[in-house]
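Heads up: the structure comes next, in structure tokens.
Residue numbers (our numbering): 259 to 469.
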């Protein structure tokens, strides 16, 4: 049974979600991603963890960090509802971003197990069915994050120094490279809009200085 540290980290979820959303936006919406949908995408890609991990690790409401928010029985109706609201508000891009962000998180928690062990375990996404690990919530949320991040950073550092990468690291680096390339090809959304607003804000000051 997989442990709670076998899923992706937030930045990995965000990169994986952007890769999928960029392609979907071009195919279904006929345009490149804009800033607001990308921000929604990034938040939604960590949504399940933002709900389940504190409830399990800090408050002990769930016995595992894979609980209701990771469950397909909760995620699918939630995505459908948000998609319907976005569609009726004439913002299909927001609905698509939320749906891909949230559901890609569930897929992203299954992929590491498959890449490393060659098997698919549905344990993280079928709450309340199946077995689950027990979390000692007396640690607290932050202590649990640091406990899991330590081995992650050590293993990654060791692989980078030795240049001998595990199958999962190669997989993650490939996703990251593709996602960053697509983001740049899309015109660097969020950064692009932020830069445009900064230029617009500075333009009047430059005009006054010229006078």
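Even for Gly, the Cβ is constructed at its ideal location relative to N, Cα and C.
Do residue 370 and residue 265 come within 8 Å of each other at the CB atom, strictly closer than that value?
As a working note, residue 265 is residue 7 in the chain shown. As a working note, residue 370 is residue 112 in the chain shown. Result yes, Cβ atoms of residue 265 and residue 370 sit closer than 8 Å.
Within the continuous alpha helix (DSSP H) that includes residue 271, where are the two ends?
If you number the chain shown from 1, residue 271 lands on position 13. It spans 268-282 - the alpha helix (DSSP H) in which residue 271 sits, taken as one unbroken run.
Under 8 Å, with one C-beta from each stretch per pair, do the region 416-428 and the region 333-340 reach the 3-pair mark?
no
Looking at residue 440: is its Cβ nearer than 8 Å to the Cβ of residue 280?
Residue mapping note: residue 440 aligns to position 182 of the chain shown, counting from 1. Residue mapping note: residue 280 aligns to position 22 of the chain shown, counting from 1. Yes, the Cβ-Cβ distance between residue 440 and residue 280 is below 8 Å.
Boundaries (first-last residue) of the alpha helix (DSSP H) holding residue 290
In the chain shown, counting from the first residue as 1, residue 290 sits at position 32. Per DSSP, residue 290 belongs to no alpha helix (DSSP H) and is neither H nor E.
Is the beta carbon of residue 296 less than 8 Å from the beta carbon of residue 447?
Taking the first residue of the chain shown as position 1, residue 296 is located at position 38. Taking the first residue of the chain shown as position 1, residue 447 is located at position 189. Cβ distance < 8 Å, so residue 296 and residue 447 count as in contact.
Which same chain residues, not among the five before or five after residue 306, have their C-beta less than 6 Å away from its C-beta?
Numbered from its first residue, the chain shown carries residue 306 at position 48. Excluding sequence neighbours, residue 306 sits near 327, 328 and 363.
Just curious, the alpha helix (DSSP H) that residue 327 is in, first and last residue?
By 1-based counting over the chain shown, the position of residue 327 is 69. Premise fails: residue 327 is in no alpha helix (DSSP H) and is neither H nor E.
From residue 358 to residue 273, what does the alpha carbon distance come to, in whole angstroms?
Your numbering for residue 358 matches position 100 in the chain shown. Your numbering for residue 273 matches position 15 in the chain shown. Taking the straight line from one Cα to the other gives about 12 Å.
Here's a check: name, in chain order, each residue in its chain whose Cβ is nearer than 8 Å to the Cβ of residue 405, leaving out the five neighbours to either side.
Here residue 405 refers to the residue found at position 147 when the chain shown is read from its first residue. Contacts found: 397.
Rounded to the nearest angstrom, what separates residue 444 and residue 418 at their Cα positions?
Stepping through the chain shown from its first residue, residue 444 is reached at position 186. Stepping through the chain shown from its first residue, residue 418 is reached at position 160. Rounded to the nearest angstrom, the two C-alpha atoms are 29 Å apart.
Determine whether the beta carbon atoms of residue 361 and residue 333 lie at a separation below 8 Å.
The count along the chain shown starts at 1 and reaches residue 361 at position 103. The count along the chain shown starts at 1 and reaches residue 333 at position 75. It is a contact, given that the beta carbons lie within the stated cut-off.
Cα-Cα, which of 303, 285, 286 and 331 is closest to residue 268?
Walking along the chain shown from the start, residue 268 turns up at place 10. Nearest C-alpha to residue 268: 303.
When DSSP labels each residue in this structure, what does residue 349 get in the three-state scheme?
Position 91 of the chain shown, counting from 1, holds the residue named residue 349. In this structure, residue 349 counts as coil in the three-state DSSP scheme.
Do you know offhand how far residue 330's Cα is from residue 386's?
Translated into positions along the chain shown, residue 330 becomes position 72. Translated into positions along the chain shown, residue 386 becomes position 128. One C-alpha to the other measures close to 10 Å.
Output yes or no for whether 8 Å exceeds the beta carbon distance between residue 368 and residue 382.
Start at 1 with the first residue of the chain shown, and residue 368 comes out as number 110. Start at 1 with the first residue of the chain shown, and residue 382 comes out as number 124. Yes.
Straight-line gap, residue 438 to residue 401 (C-alpha atoms, nearest Å):
As a position in the chain shown, residue 438 is number 180, starting the count at 1. As a position in the chain shown, residue 401 is number 143, starting the count at 1. Approximately 31 Å between the Cα atoms of the pair.
Alpha carbon to alpha carbon, how far is residue 452 from residue 434? Give it in angstroms, no decimals.
In the chain shown, counting from the first residue as 1, residue 434 sits at position 176. In the chain shown, counting from the first residue as 1, residue 452 sits at position 194. Each residue's Cα considered, the two are about 22 Å apart.
Please state whether the Cβ-Cβ distance between residue 436 and residue 277 is less than 8 Å.
In the chain shown, the residue the question calls residue 436 occupies position 178. In the chain shown, the residue the question calls residue 277 occupies position 19. For residue 436 and residue 277, yes; Cβs fall inside 8 Å.
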